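As given, the protein sequences belong to chains A and B, one line each in that order.
The letter at position 207 of the first sequence is residue 207 when you use UniProt numbering, and the numbering goes up by one with no holes.
The letter at position 17 of the second sequence is residue 17 when you use UniProt numbering, and the numbering goes up by one with no holes.
There are 2 protein chains.
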Amino acid sequence: MADGDAHMSSPQAILFDTFGTIVDWRSSLIEELTAFGRERNIVGDWTSLIDAWRSAYAPSMDRVRKGELLWTTLDKLHRATLDRLVMEFGIKGLAQEDLAYLNKGWHRLRPWPDSVKGLTRLKKNFIIGPLSNGNVALLVNMAKHVGLPWDMVFASDLFHHFKPDRENYLGACQLLDLQPKEVMLCAAHNDDLKMARSLGLQTAFIARPTEYGPHQTKDFAADEPWDVIAANVDDLADKLEAVRET
Amino acid sequence: MADGDAHMSSPQAILFDTFGTIVDWRSSLIEELTAFGRERNIVGDWTSLIDAWRSAYAPSMDRVRKGELLWTTLDKLHRATLDRLVMEFGIKGLAQEDLAYLNKGWHRLRPWPDSVKGLTRLKKNFIIGPLSNGNVALLVNMAKHVGLPWDMVFASDLFHHFKPDRENYLGACQLLDLQPKEVMLCAAHNDDLKMARSLGLQTAFIARPTEYGPHQTKDFAADEPWDVIAANVDDLADKLEAVRET
């Protein structure tokens with residue numbers, strides 16, 4: 001164990017932030033959209049478009065949170081942003097079906113190298129699931145595409161809320177019929193863990209220092225003494241096995 | 001293919017009724033409660049109690065459907081029924097934790113012999129999930145206990161409705177971002193398939209003629225020409241592979 005409570009008890013379930021923590025969205029999308037542009041001979045600054053796409057993520061969810069939009073899935077928020085960015089970046093020649101295909105790039109994100117191995121190990125002893133702002137279709141398609149062995153998918157459209165709204169964290173605990181202290185959130189983002197801890201969940205931090213590429217400004221390390229600080233998902237399995245054996 | 005539409009197109013997702021279709025609730029509970037009684041030297045007509053427990057299933061959900069009860073999970077309905085039946089059957093010596101343990105017998109039901117093999121095959125080509133009146137905790141615990149390889153768990157507490165309310169069938173399609181015609185329900189109960197078909201879903205029937213033991217009165221065979229009629233879940237995989245290959 002790293003920092004944190006020496007009297008920590010083993011959780012029953014471990015939930016995972018997904019974009020950034022489990023999958024490497026930026027490299028996946030850069031590779032996919034760049035290849036798409038090359039094959040179709042469509043010129044565009046795909047890398048900047050992807051960074052702008054992700055920059056619009058939090059503001060687009062905030063529009064739902066503030067009530068400016070009724071409940072809207074992340075797939076639909078992604079698509080609205082993509083339509084705007086394609087115009088702003090002056091990218092020509094994309095048909096409606098191309099835009100639909102590119103938007104589903106978020107369903108085809110690659111996991112970090114340790115994710116599938118670590119989750120497969122953790123699944124033996126714990127209930128595992130994403131606790132993500134993605135919608136069910138996005139997260140289920142992603143899991144099937146790359147083999148994420150979830151027991152249950154805690155998508156934002158189950159709650160009609162986006163993290164860090166408390167409804168997502170507490171809603172997942174309620175559906176599992178577990179107390180927050182019996183559930184651990186694992187995330188590469190300190191803010192996500194801060195909310196989870198404030199609601200009574202256990203916390204595990206994994207650094208993903210290349211998530212945002214050259215634009216990463218935070219989350220290089222744990223900001224607080226989270227219950228577990230692990231190098232990656234596989235290392236989290238090591239550390240939790242050690243807790244179970246004590 | 002058996003009966004039904006020769007032009008049937010392959011579904012994207014296959015949802016399964018669970019109690020009776022995937023798991024053999026009656027034999028599992030008889031075995032478990034009988035063994036419990038023997039070990040604890042508690043006398044009771046466990047088999048009759050289990051049949052009465054299941055007989056109370058539909059009426060208890062109807063109380064929620066009619067608004068006599070606010071949303072209540074199946075775990076809680078099961079527990080209320082169990083508490084009543086233990087009194088009615090004059091079973092003595094059960095502590096609160098015993099009742100909680102016995103109620104969780106529904107989380108430990110055994111699959112029919114073909115279920116895990118068939119689901120594992122189907123998972124390669126289709127999104128698979130239960131569409132059940134069980135709650136998330138019950139269905140996730142059951143899946144982990146016996147290895148049901150669900151991609152997503154469409155439990156009744158995601159919808160705050162019980163089948164055959166349309167909200168469960170259509171809600172699952174919506175969460176998957178699929179049209180009803182892209183989704184198949186597989187069930188051992190003609191009534192469940194009737195509602196699914198009326199809402200546009202594809203249908204697959206599997207007979208489970210021993211589900212209710214000597215008390216079974218219906219569902220020995222398909223009442224209508226469902227899209228697929230299969231001997232069991234493994235045979236359903238055979239038949240759907242044949243469709244995909246045409």
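Idealized CB from N, CA, C, for every residue including glycine.
Treat the numbers as computed from the prediction; the structure is a model and nothing was measured.
Check: B:PHE162 C-beta below 6 Å from any heavy atom of the ligand MN
As for the ligand MN, it is missing from this structure, which has no ligand bound.
By DSSP, does B:THR18 sit in helix, in strand, or in coil?
coil
Starting from A:PRO214, trace the beta strand (DSSP E) both ways and give me its first and last residue.
Unbroken run through A:PRO214: none, as it is neither H nor E.
Within a Cβ cutoff of 6 Å, which residues of the same chain sit near B:LYS124, ignoring the five residues on either side of it in sequence?
none
Starting from B:THR34 and walking both ways along the alpha helix (DSSP H), at which residues does that stretch end?
25-40
Measuring straight from C-alpha to C-alpha, what distance separates B:ASP114 and A:THR203?
39 Å
C-beta contact flag for B:CYS186 and B:PHE16 at 7 Å:
yes
Could you please give me the residues that DSSP links to B:VAL233 through a beta bridge?
By DSSP's assignment, B:VAL233 forms no beta bridge with any residue.
May I ask which residues mark the beginning and end of the alpha helix (DSSP H) holding A:GLY118?
115-123 is the extent of the alpha helix (DSSP H) around A:GLY118.
Cβ-based neighbour list, A:VAL116, same chain, cut-off 8 Å, excluding 5 preceding and 5 following
VAL146, GLY147, LEU148, PRO149
So, for B:PHE154: in the same chain, excluding its five sequence neighbours on each side, which residues have a beta-carbon less than 8 Å away from its beta-carbon?
LEU15, GLY129, PRO130, LEU131, SER132, ASN168, GLY171, ALA172, LEU175
Label A:SER48 either buried or exposed according to how many other C-beta atoms from any shown protein chain fall within 10 Å of its C-beta, with 16 as the threshold for buried.
By the neighbour-count rule (16 or more Cβ atoms within 10 Å), A:SER48 is not buried but exposed.
Nearest to A:GLU21 by alpha carbon, out of A:ASP98, A:HIS160, A:VAL243, A:ASP191?
Per the sequence shown, residue 21 of chain A should be read as Thr rather than Glu. A:THR21 has its Cα closest to that of A:ASP191, out of A:ASP98, A:HIS160, A:VAL243, A:ASP191.
Pull up the CB-CB distance for A:ARG244 and A:SER10, whole angstroms please, since I reckon it's below 8 Å.
With 8 Å as the limit, A:ARG244 and A:SER10 qualify as a contact, their Cβ atoms being about 5 Å apart.
Run through DSSP, which three-state label would A:ILE206 get?
strand
Please return the same chain residues whose Cβ sits closer than 7 Å to the Cβ of B:HIS161, not counting the five positions on each side in sequence.
GLU167, ASN168
Return the first residue and the last residue of the alpha helix (DSSP H) that B:ILE91 is part of.
Where B:ILE91 is concerned, there is no enclosing alpha helix (DSSP H), given that its DSSP letter is neither H nor E.
Buried or exposed, going by whether 16 or more other CB atoms sit within 10 Å of the CB of B:LEU70?
Under this definition B:LEU70 is an exposed residue.
Can you pull the chain B neighbours of A:ALA143, defined as C-beta to C-beta under 7 Å?
ASP151
Considering only residues of the same chain and omitting the five flanking positions on each side of B:ARG108, which have a CB-CB separation below 6 Å?
HIS145
Any Cβ of chain B within less than 7 Å of the Cβ of A:ASP165?
Not closer than 7 Å to any Cβ of chain B, the Cβ of A:ASP165 fails to qualify, so no.
Just verifying my parser: in three-state terms, what is the DSSP assignment at B:GLY129?
strand
What residues from the stretch 122-142 of chain B come within 9 Å of chain A, judged by C-beta to C-beta, listed N to C?
LYS123, ILE127, GLY129, ASN135, VAL136, ALA137, LEU138, LEU139, VAL140, ASN141
Which chain A residues sit within Cβ distance under 8 Å of B:ASP75?
ASP177
At what residues does the beta strand (DSSP E) containing B:VAL183 begin and finish?
183-187
Span of the alpha helix (DSSP H) around A:SER198:
190-198
Of the residues that make up the stretch 12-33 of chain B, which ones have a beta carbon closer than 9 Å to any beta carbon in chain A?
The residues in question are ALA13.
Which one of A:GLU97, A:VAL86, A:ASP238 has the shortest CA to CA distance from A:VAL43?
A:VAL86
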